[in-house]
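Asks: For reference, the structure I am asking about is given below.
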Amino acid sequence: MPTTKKEGLIFGVMMCFGMVIVMSTYNVMLNGGFSHLPIKHVMVEMVMGFCVALILDLLVVGPLARKLTTTLPFNQSNKLAKILCMSSMMVLGMVFFMSIFGLTMMVLAQGVNGGNIFKLYGSIYLSNFIVAFPLQFLIMGPLVRYLFTKLIKNQVVYS
Numbered sequence: 002m003p004t005t006k007k008e009g010l011i012f013g014v015m016m017c018f019g020m021v022i023v024m025s026t027y028n029v030m031l032n033g034g035f036s037h038l039p040i041k042h043v044m045v046e047m048v049m050g051f052c053v054a055l056i057l058d059l060l061v062v063g064p065l066a067r068k069l070t071t072t073l074p075f076n077q078s079n080k081l082a083k084i085l086c087m088s089s090m091m092v093l094g095m096v097f098f099m100s101i102f103g104l105t106m107m108v109l110a111q112g113v114n115g116g117n118i119f120k121l122y123g124s125i126y127l128s129n130f131i132v133a134f135p136l137q138f139l140i141m142g143p144l145v146r147y148l149f150t151k152l153i154k155n156q157v158v159y160s
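Numbering (the numbering used here), first residue to last: 2 to 160.
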């Protein structure tokens, strides 16, 4: 996995890109599909979502998840346990913040419509979590780790 800041940035970009594309598509489909929203609007929100997710990943959730992972009482030399713990922390944190982002975008576009903002947030969080958690563990996490290892870690440096 990433061992330098540059590798960490590349890994973060790859992971955020994959997760944002899938989660944004999921949320668009959840809210009526692409036929109800102009494609330009969807693309702008995806780019904004990617930027917000990357900043959160690199500056807030990532460092906090690393700190929590290293302080939890489990065998830190067990690579699989460390990956599972770190991924769990990342999903919990990113879903927490990106659900706030999604709620904010929804309120700006449609208003609250008399609903309870906390219930609405809870509903958004839950619907995002039930997709993000398995997506991270079963598809995106293994795929990005595989691609990162093959494309970045195995690069030959020519001098």
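Don't be surprised by glycine CBs; every beta carbon is placed ideally from N, CA and C.
#1: Taking only the alpha-carbon atoms, compute the straight-line gap between Ala-110 and Ser-25 and give it to the nearest angstrom.
#2: Could you tell me the alpha carbon to alpha carbon distance between Lys-43 and Gly-34, rounded to whole angstroms?
#3: Taking the alpha helix (DSSP H) that Ile-153 falls in, what are its first and last residues?
#4: Using the Cα positions of Lys-83 and Asn-114, report the straight-line distance between them to the nearest angstrom.
#5: Could you give the distance in angstroms between the alpha-carbon of Leu-31 and the alpha-carbon of His-37?
#6: Starting from the C-beta of Met-106, find all residues in its chain whose C-beta is less than 7 Å away, skip the five residues before and the five after it, and write them out in chain order.
#7: With contact counted as at least three CB pairs below 8 Å, one residue from each stretch, are the stretch 5-16 and the stretch 51-61 in contact?
#8: Compare the Cα-Cα distances from Met-49 to each of Met-90, Met-95, Asn-79, Phe-102 and report the closest residue.
#9: Just to confirm before moving on: does the CB-CB distance between Met-1 and Ala-54 stay below 8 Å?
#10: Mind checking which residues open and close the alpha helix (DSSP H) that includes Met-2?
#11: Where does Gly-112 land, buried or exposed, given buried means 16+ other C-beta within 10 angstroms?
#12: If you draw a straight line from the alpha carbon of Lys-120 to that of Leu-93, how long is it in whole angstroms?
#13: How far does the alpha helix (DSSP H) with Phe-35 in it extend, from its first residue to its last?
Replies: Put simply:
#1: 16 Å
#2: The sequence given here places Val at residue 43; Lys does not occur at that position. Approximately 10 Å, taken between the alpha carbons.
#3: No alpha helix (DSSP H) contains Ile-153, which DSSP labels as neither H nor E.
#4: 43 Å
#5: 11 Å
#6: Glu-46
#7: yes
#8: Phe-102
#9: This structure gives no information on residue 1, because the portion of the chain shown stretches from 2 to 160.
#10: Run containing Met-2: none; DSSP gives neither H nor E here.
#11: exposed
#12: 18 Å
#13: From DSSP, Phe-35 is part of no alpha helix (DSSP H); its letter is neither H nor E.
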